[in-house]
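Visitor: Numbering (the UniProt record's numbering), first residue to last: 1 to 141. Glycine included, C-beta positions come from ideal geometry on N, C-alpha and C.
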């Protein structure tokens, strides 16, 4: 899977409510900025994404301008994304949120392995993973 397909698959996994942490590199220098949070380090990102998946539902993610520039082992992306979701946390009533958002980020490709190792690892060697992601909601000045 190339870097563009990885971003698109991440969006699809978000829509389906699938686990999102496998898309991030398991490193301490990974960072994810969301509309309302900053998560630093793989464990914090994974915990934040698990909590997001647990407490939200009905995701709409509409990519409008995905652009990916990829080199051998590093890629960067930008996108304008219309997204909405429903908060389903038991602590209060369900609430629908909608934003026009801007996304940017950096992906790195795992160390490329030989075909045998790739097959043994379930095809994950050489997979693109996010090392930085930033999602923001612009405000008019």
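Pick out the complete alpha helix (DSSP H) segments inside the segment 28 to 66, 4 residues or longer, and give them in chain order.
Guide: The qualifying runs are 42 to 55.
Visitor: Does the segment 22 to 32 come into contact with the segment 41 to 49, if we say contact requires no fewer than three beta-carbon pairs (one atom in each stretch) closer than 8 Å?
Guide: Touching, yes.
Visitor: If you draw a straight line from the C-alpha of residue 34 to the C-alpha of residue 85, how long is it?
Guide: Taking the first residue of the chain shown as 1, we reach residue 34 at position 34. Taking the first residue of the chain shown as 1, we reach residue 85 at position 85. Looking at the two C-alpha atoms, the distance is approximately 14 Å.
Visitor: With H, G and I counted as helix, E and B as strand and the rest as coil, what does DSSP make of residue 3?
Guide: Reading the chain shown from its first residue, position 3 is the one you call residue 3. Of the three classes helix, strand and coil, the one that applies to residue 3 here is helix, per DSSP.
Visitor: How long is the line joining the alpha carbons of residue 128 and residue 9, rounded to whole angstroms?
Guide: Looking up residue 128 in the chain shown gives position 128. Looking up residue 9 in the chain shown gives position 9. Distance between the alpha carbons of residue 128 and residue 9: 11 Å.
Visitor: Going by the CB atoms, is the gap between residue 81 and residue 104 shorter than 8 Å?
Guide: Locating residue 104 in the chain shown gives position 104, where the first residue counts as 1. Locating residue 81 in the chain shown gives position 81, where the first residue counts as 1. Contact: no.
Visitor: Taking Cβ positions, are residue 13 and residue 50 nearer each other than 8 Å?
Guide: On the chain shown, position 13 is the one that residue 13 refers to. On the chain shown, position 50 is the one that residue 50 refers to. Cβ atoms of residue 13 and residue 50: not closer than 8 Å.
Visitor: Kindly indicate which residue of 73, 67, 15, 2 has the alpha-carbon position closest to the one of residue 52.
Guide: Within the chain shown, residue 52 is the residue found at index 52, counting from 1. Closest by alpha carbon: 15.
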